[in-house]
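Trainee: Encoded as structure tokens, here's the structure I'll be asking about.
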Amino acid sequence: MMAVEQKNLTELQNFACELGADSAVLLDAKIIDVKENLAALCQNPRCPNYGVAASCPPHVGGPESLKKQLSSYTKALFFRIMAKKADVYSSKIHDIQGQIHTIAASLESKALELGFAKARGFAGGSCKNMFCADQPDCNVTAHNGPCRNPDLARPSMSGYGIDVSALAKAANWPPLVVQNGGADKEDFIPLYGLLIVG
1 MMAVEQKNLT ELQNFACELG ADSAVLLDAK IIDVKENLAA LCQNPRCPNY
51 GVAASCPPHV GGPESLKKQL SSYTKALFFR IMAKKADVYS SKIHDIQGQI
101 HTIAASLESK ALELGFAKAR GFAGGSCKNM FCADQPDCNV TAHNGPCRNP
151 DLARPSMSGY GIDVSALAKA ANWPPLVVQN GGADKEDFIP LYGLLIVG
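Given below as structure tokens:
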């Protein structure tokens, strides 16, 4: 890897933390595991956000399209935000997920500025809930119109079948089993985002 490219990757890693990520790790893009069965969980059992926005299935390319594209990517920047469990299981979740989308979008923009022409950011959760909650529908899916928030909304990792648990393990972040109910307000759980560059 050229020194300039490594310098730019380190700059992106630091930028993720400046934007609010708790931690950000550089990984080889080839370790990104894409699984059909993970993407299928969006549909069965049906996620309430399925089909609601352009960032979620069935409006994203899905596992097969990402598998084809991944061969042209070399590095992944995987980042997390540690959020209070009580916030995750409340209406605050949309603000937290919005922060993940915003970080992913900002990293993508910065990567493009640094010369990573194919940079692509991914987040979690439906962009509709975060950025267009006051709108009756998604302008893209309902009206074939432009996205109202193209500089913020990013596609769902789960919609592409990205194995987030495997990435967390590769990042040496501790595994976590999350169960709803009885959340201690001082307990934190991670939410993740991803940037891939080639």
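For the sequence shown, position 110 (counting from the first letter as 1) is numbered 110 according to the UniProt record's numbering, and the numbering increases by one without interruption. Beta carbons: idealized from backbone N, C-alpha and C, even for Gly.
Around the Cβ of HIS143, are there at least 16 other Cβ atoms within 10 angstroms (buried) or fewer (exposed)?
Mentor: Exposed, because fewer than 16 other Cβ atoms sit within 10 Å of the Cβ of HIS143.
Trainee: Over what stretch of residues does the alpha helix (DSSP H) that includes LEU152 continue unbroken?
Mentor: That residue, LEU152, is in no alpha helix (DSSP H); it is neither H nor E in DSSP.
Trainee: Look at ALA168 and CYS127 and say whether their C-beta atoms are less than 8 Å apart.
Mentor: no
Trainee: If you draw a straight line from the C-alpha of ASN8 to the C-alpha of ALA54, how long is it?
Mentor: 30 Å
Trainee: Return the bridge partner residues of ALA53 from the DSSP annotation.
Mentor: The partner list for ALA53 (beta bridge, DSSP) is empty, contrary to what the question assumes.
Trainee: In the DSSP assignment, what are the bridge partners of residue 237?
Mentor: Residue coverage of the chain in this structure runs from 1 to 198, which leaves residue 237 outside it and unanswerable.
Trainee: If you reduce the DSSP assignment to three classes, tell me which class PRO63 lands in.
Mentor: helix
Trainee: Use the C-beta contact count for CYS17: other C-beta atoms within 10 angstroms, 16 or more gives buried, fewer gives exposed.
Mentor: exposed
Trainee: To which residues of the same chain is LYS185 closer than 7 Å at the C-beta, ignoring the five residues directly before and after it?
Mentor: At LYS185, the pLDDT of 43 sits below 50, so the modelled position is not reliable; the number obtained from the coordinates is stated separately. Correct list, in chain order: LYS84 and ALA86.
Trainee: PRO175 CB to nearest chain B CB: under 8 Å?
Mentor: The structure shown contains no chain B, having only a single protein chain.
Trainee: Kindly confirm or deny that the segment 132-151 and the segment 29-48 touch, where touching means at least three C-beta pairs closer than 8 Å.
Mentor: no
Trainee: Mapping DSSP to helix, strand and coil, what is LYS68?
Mentor: helix
Trainee: How close, in whole Å, do the beta carbons of ALA111 and LEU19 come, if the pair is a contact with beta carbons under 8 Å?
Mentor: Contact doesn't hold; Cβ gap of about 13 Å is too wide.
Trainee: By how many angstroms is the C-alpha of ARG148 removed from the C-alpha of ALA183?
Mentor: With a pLDDT of only 45 at ALA183, under 50, the local geometry of the prediction cannot be trusted, and the value read off the model is given with reservation. About 34 Å.
Trainee: Check this for me: beta carbons of PRO63 and LYS35, under 8 Å apart or not?
Mentor: yes
Trainee: Please name the residue, chosen from PHE131, CYS132 and PRO150, that lies closest to GLU108 on a Cα-to-Cα basis.
Mentor: PRO150
Trainee: For GLN99, which three-state DSSP category applies?
Mentor: helix
Trainee: Looking at the structure shown, is MET2 part of a helix, part of a strand, or coil, going by DSSP?
Mentor: coil
Trainee: How is PHE15 classed by DSSP in three states: helix, strand or coil?
Mentor: helix
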